[in-house]
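Notes for the one structure printed next.
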Amino acid sequence: MNRFKASKFRHTEARLPRREAWIGGIRAGSVASCGNHVKASCRWIAFNAESAGVLGIVPLECEDGGKRTVSQLCCHSGKLGVCQPYGVSPASAMLLRRRVNVWRLPESGQDMPSGAGLTLGPGGGPVDVLQFHPTADGVLASGAGKRVTVWDVGQQQPLTALDSHGDQLQSLAWKPDGRLLGTSCKVSSSHGRPPHGMAWHSAAGVPGHEHNKDSRLLWMGSSDCLISVGFSQMREREVKLWDTRRFSGAMLTVAVDTSPGAAIPLYDADTGLLVLAGKVSPRGPCPCLRCLPHGHPARPPVTQCRTEGSTRGLATVPRLALDVMACEVLRVLQLTDTALVPISYLVPRKEFHEDLFPDCAGTLPGTSAQAWWAGDNQQVGRVSLHPARRPTETFSSPIIACTPLPVADTGPTDTDEGSGYSSPSSLASPSSDATPLSASTGPSSGFVSSPSQKSLQSILGPSSRFRHAQGRVLHRDTHLTNLRGLSLTTPGECDGFCANHQRVALPLLSAGGQIAVLELSKPGRLPDTAVPTIQNGVAVADLSWDPFDPRRLAVAGEDAKIRLWRIPEGGLQETLCEPEAVLQGHTEKIYSIRFHPLASDLLVSSSYDTTVRIWDLSAGREVLCLRGHTDQIFSLAWSPDGKKLATASKDGRLRLYEPRRSPQPQQEGPGPEGGRGARLVWVCGGDYLLVSGFDSRSERRILLYRAQALPEGPLSVLGLDVAPSTLLPFYDEDTSVVFLTGKGDTRVFLYEVTPEPPYFLECNSFTSSEPHKGFVFLPKTACEVREVEFARALRLGQSTLEPVAFHVPRVKKEYFQDDIYPPTRIWWEPGLSGSAWLAGEDGQHRRASLRPADMTPVSQAPKEAPARKFVPASVYLEEKSDEQKKEELLSAMVARLGNRDDPLPQDSFEGVDEDEWVGTGGLRGGKDTAGLVPPCRSPPPGLPQD
Numbered sequence: 001m002n003r004f005k006a007s008k009f010r011h012t013e014a015r016l017p018r019r020e021a022w023i024g025g026i027r028a029g030s031v032a033s034c035g036n037h038v039k040a041s042c043r044w045i046a047f048n049a050e051s052a053g054v055l056g057i058v059p060l061e062c063e064d065g066g067k068r069t070v071s072q073l074c075c076h077s078g079k080l081g082v083c084q085p086y087g088v089s090p091a092s093a094m095l096l097r098r099r100v101n102v103w104r105l106p107e108s109g110q111d112m113p114s115g116a117g118l119t120l121g122p123g124g125g126p127v128d129v130l131q132f133h134p135t136a137d138g139v140l141a142s143g144a145g146k147r148v149t150v151w152d153v154g155q156q157q158p159l160t161a162l163d164s165h166g167d168q169l170q171s172l173a174w175k176p177d178g179r180l181l182g183t184s185c186k187v188s189s190s191h192g193r194p195p196h197g198m199a200w201h202s203a204a205g206v207p208g209h210e211h212n213k214d215s216r217l218l219w220m221g222s223s224d225c226l227i228s229v230g231f232s233q234m235r236e237r238e239v240k241l242w243d244t245r246r247f248s249g250a251m252l253t254v255a256v257d258t259s260p261g262a263a264i265p266l267y268d269a270d271t272g273l274l275v276l277a278g279k280v281s282p283r284g285p286c287p288c289l290r291c292l293p294h295g296h297p298a299r300p301p302v303t304q305c306r307t308e309g310s311t312r313g314l315a316t317v318p319r320l321a322l323d324v325m326a327c328e329v330l331r332v333l334q335l336t337d338t339a340l341v342p343i344s345y346l347v348p349r350k351e352f353h354e355d356l357f358p359d360c361a362g363t364l365p366g367t368s369a370q371a372w373w374a375g376d377n378q379q380v381g382r383v384s385l386h387p388a389r390r391p392t393e394t395f396s397s398p399i400i401a402c403t404p405l406p407v408a409d410t411g412p413t414d415t416d417e418g419s420g421y422s423s424p425s426s427l428a429s430p431s432s433d434a435t436p437l438s439a440s441t442g443p444s445s446g447f448v449s450s451p452s453q454k455s456l457q458s459i460l461g462p463s464s465r466f467r468h469a470q471g472r473v474l475h476r477d478t479h480l481t482n483l484r485g486l487s488l489t490t491p492g493e494c495d496g497f498c499a500n501h502q503r504v505a506l507p508l509l510s511a512g513g514q515i516a517v518l519e520l521s522k523p524g525r526l527p528d529t530a531v532p533t534i535q536n537g538v539a540v541a542d543l544s545w546d547p548f549d550p551r552r553l554a555v556a557g558e559d560a561k562i563r564l565w566r567i568p569e570g571g572l573q574e575t576l577c578e579p580e581a582v583l584q585g586h587t588e589k590i591y592s593i594r595f596h597p598l599a600s601d602l603l604v605s606s607s608y609d610t611t612v613r614i615w616d617l618s619a620g621r622e623v624l625c626l627r628g629h630t631d632q633i634f635s636l637a638w639s640p641d642g643k644k645l646a647t648a649s650k651d652g653r654l655r656l657y658e659p660r661r662s663p664q665p666q667q668e669g670p671g672p673e674g675g676r677g678a679r680l681v682w683v684c685g686g687d688y689l690l691v692s693g694f695d696s697r698s699e700r701r702i703l704l705y706r707a708q709a710l711p712e713g714p715l716s717v718l719g720l721d722v723a724p725s726t727l728l729p730f731y732d733e734d735t736s737v738v739f740l741t742g743k744g745d746t747r748v749f750l751y752e753v754t755p756e757p758p759y760f761l762e763c764n765s766f767t768s769s770e771p772h773k774g775f776v777f778l779p780k781t782a783c784e785v786r787e788v789e790f791a792r793a794l795r796l797g798q799s800t801l802e803p804v805a806f807h808v809p810r811v812k813k814e815y816f817q818d819d820i821y822p823p824t825r826i827w828w829e830p831g832l833s834g835s836a837w838l839a840g841e842d843g844q845h846r847r848a849s850l851r852p853a854d855m856t857p858v859s860q861a862p863k864e865a866p867a868r869k870f871v872p873a874s875v876y877l878e879e880k881s882d883e884q885k886k887e888e889l890l891s892a893m894v895a896r897l898g899n900r901d902d903p904l905p906q907d908s909f910e911g912v913d914e915d916e917w918v919g920t921g922g923l924r925g926g927k928d929t930a931g932l933v934p935p936c937r938s939p940p941p942g943l944p945q946d
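What follows is the structure, given as structure tokens:
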């Protein structure tokens with residue numbers, strides 16, 4: 001290679017298309033894996049959707065200039081880890097995912113397959129990397145853990161397993177001739193920092209990059225050189241060039257920059273262009289694509305392209321799909337959060353040039369899997385890129401029939417066959433590594449099948465009827481302001497304050513555990529003087545209003561006692577010092593207290609003594625004690641029917657009790673990782689549990705469990721964000737919407753929860769201008785149904801208490817929206833007494849409609865005939881004779897010119913009467929016309945004088 005020779009691509013220009021040419025309407029995932037998260041064939045683009053186990057599929061080119069339809073494959077469900085990378089075979093339109101499902105993508109315009117063509121595995125762990133063989137049909141290499149497995153896809157059997165890796169695999173790459181396989185991984189060494197190592201076909205290995213972050217590997221065409229991208233010991237992104245014939249060390253090392261995102265190398269063997277880019281977070285710098293000549297990292301780039309948005313993944317388009325007549329030598333697909341951006345690299349020439357577009361590998365495989373394994377190294381035939389000489393033959397791999405084959409019985413499975421085609425949605429996926437707590441779907445995951453590929457739903461995905469929900473702070477006249485001395489140090493297990501439909505209780509910072517009780521019916525500015533309070537005597541750990549007695553307040557103190565306070569009619573007028581009752585039994589500080597949802601005079605509490613105790617308030621004594629916890633109890637929740645009690649503990653376990661049957665848990669299952677806090681709430685009629693917590697990297701996430709199958713782990717895991725406070729969930733059973741926020745947050749997440757895929761449907765979130773210290777929801781009867789308000793909350797700020805209304809924008813607000821307001825529980829009446837419940841009886845709430853008497857349900861609204869906006873085409877398509885057309889044309893012209901019989905404008909002018917013509921010596925007959933012609937004092941120049 002002559003280093004002084006100018007590259008023919010030195011004038012290559014990267015062109016970003018206009019936004020109209022972007023592939024929008026997608027929701028890209030941000031899962032943590034070693035893949036590029038997007039792949040392209042000559043016909044399709046596949047990318048990681050925002051949900052685990054779900055792939056987005058979109059045509060590479062739109063047909064007839066129309067809009068691309070984004071479809072999605074629900075490739076996996078249930079017990080899987082993070083969304084894994086995949087490969088697209090150069091010899092067939094197939095796509096692979098973890099465990100490992102093989103799909104055949106259809107021709108354009110056809111429906112997506114309803115199931116995987118075949119399944120490879122189990123492979124003994126989550127698959128991190130996949131790549132098809134470049135020459136043999138049906139050969140696939142997969143990397144899982146420390147092992148590389150080479151599969152015969154047609155036989156669904158492994159050909160070999162390579163185990164000479166010391167740590168987690170991060171990248172693998174076939175040599176273009178198919179003879180060698182290169183891998184990069186994390187391996188331990190004698191240094192303080194574990195360096196990376198590389199190996200090819202288990203034949204040799206050398207230390208690679210010195211830092212343990214993500215590394216990538218690729219071959220420089222058919223040469224014996226490798227390019228690896230990783231991080232140095234100083235956390236600089238660097239590129240290394242290796243020669244496998246002298247594999248003792250890198251030939252060249254070039255430091256690129258200090259960006260924290262993993263670098264993605266893309267190499268085009270036919271042009272020798274190397275593209276370097278990096279995954280960039282939304283808060284990171286603007287991403288930049290560097291294009292280097294001849295794949296040499298030390299040479300200056302031929303072009304740089306600064307892109308928009310955060311890069312989730314990159315891929316190159318096959319050369320057979322390039323626009324060679326426009327001299328497009330390379331096309332890169334940038335995957336962002338909401339779009340796929342095609343970036344074209346053009347050489348400023350005209351027409352087709354042989355030197356820019358040498359023959360490239362065709363679409364017919366060189367050999368079969370069994371022949372390759374037997375030693376056949378037949379190469380893929382090369383074809384011309386000239387449009388007139390380009391071959392038209394295509395290849396369809398016979399290893400998958402046109403109809404999906406039954407999945408082979410390979411032993412115990414994780415039920416990951418998926419549900420086939422589904423519409424795209426606002427999905428989210430966990431960004432954590434694979435764990436037994438799989439993540440099948442995210443904010444809108446596990447799609448249901450849609451009969452129409454071209455419908456709006458197939459483009460935007462399944463959506464919630466509350467997706468346009470809006471939260472707004474009500475008028476200042478409804479606020480409570482000038483709140484002073486609020487306690488902002490309540491335990492994490494406490495919501496910070498509590499409220500019912502009449503009043504709110506706010507812990508104060510003053511000594512002695514003071515609690516302010518304010519009437520919601522008396523908004524406004526509080527006086528600067530001290531207000532009457534409850535003197536609890538000790539610091540407040542948690543507090544809760546009795547749902548059936550709005551005047552009774554239960555307060556848990558740090559002295560392991562529960563005090564019951566009764567508020568006088570009309571509110572607190574003076575300081576209250578004596579509680580109505582004191583409950584004693586716990587030996588250490590109490591975490592949280594909850595009233596029974598159906599039975600009156602029943603209260604449950606959890607404590608540092610790792611016990612859960614149930615109290616009969618009418619008798620003032622403990623009646624049940626539940627055991628089985630080994631660490632701190634983060635949260636507890638009654639089921640809607642009041643029969644069961646669920647708890648989340650710091651030991652990472654969820655427990656389900658039936659208190660009247662046994663003091664020991666009926667079920668146990670894996671809960672959120674980490675010990676930073678967790679909350680749980682019953683959803684979907686009490687059949688499911690929604691748990692909020694943290695993963696091992698402190699990312700906040702929510703998990704959905706089937707209540708009858710806790711040991712099986714969560715059905716879905718959804719990662720939200722990274723924040724220090726625990727998410728506090730509130731579930732509205734009438735709308736199936738869960739609200740999630742934390743103390744100190746400015747955002748409230750809204751998701752509609754469904755009992756089957758999709759599990760989470762994302763709705764508009766509510767954002768406040770300043771962090772809130774607490775966010776508590778009021779009963780359903782506080783909502784204004786005339787404004788289509790389906791939830792109302794109280795937001796506690798630094799010194800204010802503001803009502804926040806969540807409503808759905810509707811056109812016909814004069815009608816009662818009975819689809820949003822089903823009959824709701826009469827929550828203020830108990831279903832049975834506490835003693836009856838303890839005796840084994842069960843009850844249920846009566847229900848009532850929220851419809852005002854003067855409103856008609858929208859389901860009974862009269863049907864309006866749609867207004868005709870356009871004249872029917874039949875009016876214009878009627879056959880008319882030439883005479884009719886001439887007459888219509890003449891009539892139209894006359895109408896524009898006006899009627900011929902209309903008087904002229906001058907006809908309305910007034911003339912001169914005959915008697916005004918007087919005088920002699922005029923112009924005619926010697927008569928004078930002095931009245932008409934004014935006299936001249938002097939004649940004009942050149943005229944004779946009279």
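Residue numbers (UniProt numbering): 1 to 946.
A virtual CB, placed ideally from N, CA and C, is assigned to each residue, including glycine.
Small disclaimer: the values here were computed from a predicted structure and weren't measured.
Looking at the unbroken alpha helix (DSSP H) that takes in residue i, where does it start and where does it end?
i: residue 516; result: No alpha helix (DSSP H) holds residue 516; the beta strand (DSSP E) holding it covers 514-519.
i: residue 210; result: No alpha helix (DSSP H) contains residue 210, which DSSP labels as neither H nor E.
Using only alpha-carbon positions, find the residue among the options that is nearest to residue i.
i: residue 648; options: 642, 660 and 630; result: 630
i: residue 501; options: 309, 544 and 740; result: 544
i: residue 567; options: 808, 577 and 588; result: 577
i: residue 676; options: 319, 234 and 722; result: 722
i: residue 37; options: 262, 784, 376 and 561; result: 262
i: residue 727; options: 668, 523 and 496; result: 496
i: residue 358; options: 169, 327 and 818; result: 327
i: residue 672; options: 632, 890, 662 and 714; result: 714
i: residue 133; options: 841, 159, 350 and 112; result: 159
i: residue 21; options: 343, 696 and 552; result: 343
i: residue 749; options: 863, 702 and 41; result: 702
i: residue 467; options: 521, 730 and 809; result: 809
i: residue 210; options: 240, 223, 352 and 587; result: 240
i: residue 28; options: 186, 834, 592 and 57; result: 57
i: residue 628; options: 618, 657 and 617; result: 657
Which partner residues does residue i have in the DSSP bridge list?
i: residue 273; result: 268
i: residue 653; result: 670
i: residue 622; result: 615
i: residue 48; result: 55
i: residue 960; result: The structure shown does not extend to residue 960, since the chain spans only 1 to 946, so no value can be given for it.
In terms of residues, what are the limits of the beta strand (DSSP E) holding residue i?
i: residue 39; result: 38-40
i: residue 561; result: 561-566
i: residue 897; result: Run containing residue 897: none in the beta strand (DSSP E); it sits in the alpha helix (DSSP H), 882-897.
Q) If you pair each beta-carbon of the segment 212-221 with each one of the segment 171-185, do three or more pairs fall below 8 Å? A) Enough Cβ pairs lie closer than 8 Å, so yes.
Item to complete: List in chain order: all unbroken beta strand (DSSP E) runs of 3+ residues lying wholly within the segment 725-760.
Response: Taken in chain order, the complete beta strand (DSSP E) segments of 3 or more residues contained in the segment 725-760 are 728-732, 737-741 and 747-753.
_Does the contact criterion of 3 or more C-beta pairs under 8 Å hold for the segment 766-778 versus the segment 798-818?_
Contact between the segment 766-778 and the segment 798-818 is present, because at least three Cβ pairs lie under 8 Å.
May I have a chain-ordered list of the alpha helix (DSSP H) segments no shorter than 4 residues that lie completely inside the segment 824-861? Fully contained in the segment 824-861 are the following alpha helix (DSSP H) runs of length 4 or more, in chain order: 834-838.
Sufficient close CB pairs (3 or more, under 8 Å) joining the segment 730-740 to the segment 679-687: Touching, yes, given that three or more Cβ pairs across the two stretches are closer than 8 Å.
Which runs of the beta strand (DSSP E), 3 residues or longer, sit entirely within the segment 472-549?
Runs of beta strand (DSSP E) with 3 or more residues, each lying fully within the segment 472-549, are found at 503-507, 514-519, 533-535 and 540-546, listed in chain order.
Task: Stretch pair the segment 822-829 + the segment 838-848: three plus CB contacts closer than 8 Å - done: The segment 822-829 is in contact with the segment 838-848.
- Task: Indicate whether the contact test is met: 3 or more Cβ pairs, each with one atom in the segment 313-329 and one in the segment 264-275, closer than 8 Å.
- Result: With a cut-off of 8 Å, the segment 264-275 and the segment 313-329 count as touching, because enough Cβ pairs lie within range.
Runs of beta strand (DSSP E) lying entirely within the segment 759-794, each at least 3 residues, in chain order: Counting whole runs of 3 or more residues, the segment 759-794 contains the beta strand (DSSP E) stretches 760-762 and 774-777.
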